[in-house]
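The C-terminal residue of the sequence shown carries number 111 in the numbering used here, and the numbering is unbroken. Even for Gly, the Cβ is constructed at its ideal location relative to N, Cα and C. Take a look at the structure below.
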Amino acid sequence: MKKISLFLITVIMISSSALIGCTTVVRVPPPPVRVEVRPAPPYAGTVWIGGHWQHKHRKWIWAPGHWKRRPGPGAAWAPGHWRETPRGWKWVPGHWRR
Numbered sequence: 014m015k016k017i018s019l020f021l022i023t024v025i026m027i028s029s030s031a032l033i034g035c036t037t038v039v040r041v042p043p044p045p046v047r048v049e050v051r052p053a054p055p056y057a058g059t060v061w062i063g064g065h066w067q068h069k070h071r072k073w074i075w076a077p078g079h080w081k082r083r084p085g086p087g088a089a090w091a092p093g094h095w096r097e098t099p100r101g102w103k104w105v106p107g108h109w110r111r
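Given below as structure tokens:
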């Protein structure tokens, strides 16, 4: 039983690590970015993360913007964006910069 459990854990770890570098490439360009009305921030120290288009189940779905706590002083949000590549459109995720 121990050997089977160890084997299954190893298979799961290898399978999940193989997905880390996976990115979605879409042939159809995303629609234009929507203009969003920012609500008031819920509390001090938050940054607005603008909405963006996600491609799910063969269609474009809008993920609305939201407020997020700044991870530390001087941190700035670099927004995600869709980049055109020779294979199609690739999502480049947003991230915090210092």
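Excluding the 5 residues preceding and the 5 following residue i in the sequence, name in chain order all residues of the same chain whose CB lies nearer than 6 Å to its CB.
{"i": "Pro-84", "result": "Trp-109"}
{"i": "His-79", "result": "Ile-62"}
{"i": "Trp-102", "result": "Val-39, Pro-42, Trp-95"}
Measuring straight from C-alpha to C-alpha, what distance separates residue i and residue j?
{"i": "Pro-42", "j": "Thr-36", "result": "16 Å"}
{"i": "Gly-64", "j": "Pro-99", "result": "25 Å"}
{"i": "Ala-88", "j": "Arg-111", "result": "5 Å"}
{"i": "Ala-91", "j": "Pro-106", "result": "9 Å"}
{"i": "Val-60", "j": "Val-38", "result": "28 Å"}
{"i": "Lys-69", "j": "Trp-104", "result": "12 Å"}
By the 10 Å Cβ neighbour count, where 16 or more other Cβ atoms means buried, how is residue i classified, buried or exposed?
{"i": "Trp-66", "result": "buried"}
{"i": "Val-48", "result": "exposed"}
I'd like the list of long-range same chain contacts for residue i, defined as Cβ closer than 7 Å, with 5 residues on each side in sequence excluded.
{"i": "Pro-73", "result": "The sequence given here has Trp at residue 73, not Pro. Contacts found: Pro-43, Pro-44, Trp-66."}
Do you know whose CA, among the options, lies nearest residue i's CA?
{"i": "Pro-54", "options": "His-68, Trp-104, Lys-81, Ala-76", "result": "Lys-81"}
{"i": "Val-46", "options": "His-94, Gly-101, Gly-58, Lys-103", "result": "His-94"}
{"i": "Val-50", "options": "Tyr-56, Arg-96, Pro-77, Arg-71", "result": "Pro-77"}
Would you kindly report the start and end of the unbroken beta strand (DSSP E) that includes residue i?
{"i": "Thr-59", "result": "59-62"}
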